[in-house]
Each structure stands twice: as structure tokens, then as C-alpha cells.
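Here UniProt numbering is used: the first residue of the sequence shown is 1, the next is one more, and so on. Think of the CB as a built atom: it goes at the ideal place given N, C-alpha and C, for glycine as much as any other residue. Quantities reported herein were computed from a predicted structural model and do not represent experimental measurements.
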Amino acid sequence: MSVAAMAETHLPGDRISKRNFDKLARFIYDYSGIKMPPTKLTMLEGRLRRRLRATNHSTFDDYCDFLFDHDGLAQETVYLIDVVTTNKTDFFREAKHFDYLQSVALPAITNSGVRTIRTWSSACSTGAEPYTMAMVLAEFAEGRKDVSYSVLATDLSTDVLQTARRGIYPEDLIAPVPRDLQRKYVLVAKQPDRKEVRISPKLRSRVGFARMNLMDDKYPVGDLMNIIFCRNVLIYFDKQTQAGVLDRLCNCLAKGGYMFIGHSESITGFDLPLKQVSNTVFQRI
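Right, here's the structure in full:
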């Protein structure tokens, strides 16, 4: 039997039944807002196989019985959501946003009298976005003794938050970071063969990480934010879920503050207290 044929061979019970897929898709949507159409059946099977091993279940039927008929969700939800979330991230991803942040948004915020700039990366993945924000903020605050900043970074996945807190990345991931910023904020491993870098302790100390579900009724972020990044996450939600998330984000944004969404995303058709000031950049009115 060829390798390809072996890959397509499944033991009895080693596929997710339509009934169980519908249950899983409904739970994932209700909990996280992430749509799981039938076209993602094979993807879901592949990602859940490690949870079967971790929970000592031999088939998807047994695993789903454990979840839905034996109260397994109480202990398994965090791990289940971790394996189904998609986490694509890069430093200085959609770089024009950071140009706008540095040249327009931050000067406007401080010119309005704000001296402690509160920022939030609301879907931070493994940390590239909030650390990029911290670099830009650190550069802006340098030489301005009366200006300070903080970065809150949240995500639904505990796996990516663990990686983000460590701040250790393959060296090729930081290629988009300008050389002068690499010298200031990135540490290179002493053993060259490791091919890893780490965000400097000083910069890491300015970023606080926490698990948060954007499907929650309220976002416990403390005082209003001056900057909110919610990029490349809305695309995983339907319109109704997008509307709720955007409304709650606006409730966390100070008047005059800025919200950044992904370049492939839109807020057209939503009734929000925002005005567009640049491509996928909006200001609270």
C-alpha cells in the first residue's frame, strides 16, 4: 500500500460522524464565534486527534460522548478551543498600520493631553503584534519624559499566550523588524545553531498577557483604551458576531482613540461610533 493510500485509511470510528460534527461546530461557534462549516471536517479531525490521545479516547465517538454526555467540556473546553483556533502572526504585519500609529495616531493622542497611552492587542496570537506595538510605543516615548505607555495582549488560546509570554521566536520571524529596532529590542541566542531570538526583558515587561474570549458580554480591560488592534479575527465571525464584538470593543475605546482592523476586513453596514481616518483605521467619535 502506498503512503498516500495509508494516509487515507481510517479505522472504524476514526472519523467524526455528521451528528458529532454538528455538535462540535455548534459548541465551537457558541463559545468562540468561530464558524466551522462542513468543509472543515477533515481539518477538525486532524487537529482533534491529539486531544483523543491526551484524553485516552480511541475514537471520535468516544471523545464526543465524553464531551457532551459525561460533562467532559468542563475540563476540556480550553484545550478543544486551543486546537481549533488559527494563529497566523508576523512582526510588523500590515506595516502601514504601524506607520500610521507612529506618525499620526500617537502624536494626536498625546496632543490631546493623554500622557499614559493605553493600548490593546485583542487577538495577539503568539505575540508578534503586541511586541511590534511595544517597539513603536517605546520609540515614540523615548525622549518624552512625560509620556508612558502600556500594552495589553489577549487571546482565546492558552497555547499561543504561553509562547507570547516567553517571547522566543525563530530568527527568521523577526526579518521584518528594522535593523535598528532589532539591535535595541531583540536578543540573539549565544549559540548560533539555535537560530532563535528573544524579545528583550525591558520590552517584555511592558506587555501584559491575559486570556480573553471576545464572545464574552464584557471585556475586563480596566480604563478606556487609546489604541485597539483587532486585526484578522473578524473574518472568522459571521455578521451578527462581528457586530457584537465591534460594539463591545468600541465600549472599551476612549473618545478620540483609534481602532485598527485587518486589511481584508470591513465595518461597512455597522452602526458604530467610529469614523474612518485611513485604510482600515477608525477613530472613536
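(request) Name the two residues that bound the continuous alpha helix (DSSP H) containing Arg-211. (result) The sequence position of residue 211 within the sequence shown is 211, counting from 1. From DSSP, Arg-211 is part of no alpha helix (DSSP H) but of the beta strand (DSSP E) over 207-211.
Residue environment, Gln-283, which counts as buried when at least 16 other CB atoms sit within 10 Å: The residue you call residue 283 lines up with position 283 of the sequence shown. Gln-283 is buried by the Cβ-count criterion.
Cα-Cα separation between Asp-180 and Phe-60, rounded to whole angstroms: Taking the first residue of the sequence shown as position 1, residue 180 is located at position 180. Taking the first residue of the sequence shown as position 1, residue 60 is located at position 60. Asp-180 and Phe-60: Cα-Cα distance of roughly 51 Å.
Within its chain, find whatever has a CB closer than 6 Å to the CB of Glu-94; leave out the 5 residues flanking it on each side and keep chain order.
As a first step, residue 94 is located in the sequence shown; it is residue number 94 there, counting from the start. So the qualifying residues of the chain are His-263.
*asked:* Under 8 Å: do the segment 199-208 and the segment 128-137 share three or more Cβ pairs, one atom per stretch?
replied: yes
Who are the Cβ neighbours of Leu-101 in its own chain at under 6 Å, not counting the five residues just before and after it?
-> Within the sequence shown, the letter at position 101 stands for residue 101. Cβ within range, chain order: Val-136.
Contact defined as beta carbons within less than 8 Å: I believe Asp-159 pairs with Asp-62. What is the distance between those atoms, to the nearest angstrom?
For the purposes of this step, residue 159 is taken as residue 159 along the sequence shown, with counting starting at 1. For the purposes of this step, residue 62 is taken as residue 62 along the sequence shown, with counting starting at 1. With a Cβ gap of about 24 Å, Asp-159 and Asp-62 do not count as contacting.
Between Arg-115 and Asp-146, how many whole angstroms is the CB-CB distance? I'm expecting something under 8 Å.
Within the sequence shown, residue 115 is the residue found at index 115, counting from 1. Within the sequence shown, residue 146 is the residue found at index 146, counting from 1. Contact flag correct, Cβ pair sits at about 5 Å.
Rounded to the nearest angstrom, how far is the Cβ of Ile-28 from that of Val-84, given a contact under 8 Å?
-> As a first step, residue 28 must be located in the sequence shown, where it is residue number 28. As a first step, residue 84 must be located in the sequence shown, where it is residue number 84. Confirmed, Cβ separation roughly 6 Å.
Item to complete: Note down the Cα distance separating Arg-26 from Arg-51, rounded to an integer number of angstroms.
Response: Start at 1 with the first residue of the sequence shown, and residue 26 comes out as number 26. Start at 1 with the first residue of the sequence shown, and residue 51 comes out as number 51. The alpha-carbon atoms of Arg-26 and Arg-51 are separated by roughly 18 Å.
*asked:* Give me, in chain order, the residues of the same chain whose beta-carbon lies closer than 7 Å to that of Pro-12; leave out the 5 immediate sequence neighbours on both sides.
replied: Residue 12 sits at position 12 when you count from the first residue of the sequence shown. At Pro-12 the pLDDT is 42, less than 50, meaning the model places this residue with poor confidence; the figure from the coordinates comes in the next sentence. If we look at Pro-12 and ignore the five residues flanking it on each side, it has no Cβ neighbours.
Grouping DSSP H, G and I as helix and E and B as strand, with all else coil, what is Val-84? Position 84 of the sequence shown, counted from the start, is the residue given in the question as residue 84. If DSSP states are grouped into helix, strand and coil, Val-84 belongs with the helices.
Only counting the same chain, and skipping five residues up and downstream in sequence, which positions put a Cβ closer than 7 Å to that of Ile-199? Position 199 of the sequence shown, counted from the first residue, corresponds to residue 199. Same-chain partners within the cutoff: Tyr-131, Gly-167, Tyr-185 and Val-186.
message = Suppose contacts are defined by Cβ-Cβ distances below 8 Å. Is Phe-228 in contact with Leu-253 by that definition?
response = Here residue 228 is taken as the residue at index 228 of the sequence shown, counted from 1. Here residue 253 is taken as the residue at index 253 of the sequence shown, counted from 1. According to the sequence provided, residue 228 is Ile. The question's Phe does not apply to it. Contact: yes.
Review point. Can you list, in chain order, the residues of its chain whose CB lies under 7 Å from that of Ser-278, leaving out five sequence neighbours each side?
Key: Numbered from its first residue, the sequence shown carries residue 278 at position 278. Excluding sequence neighbours, Ser-278 sits near Tyr-100.
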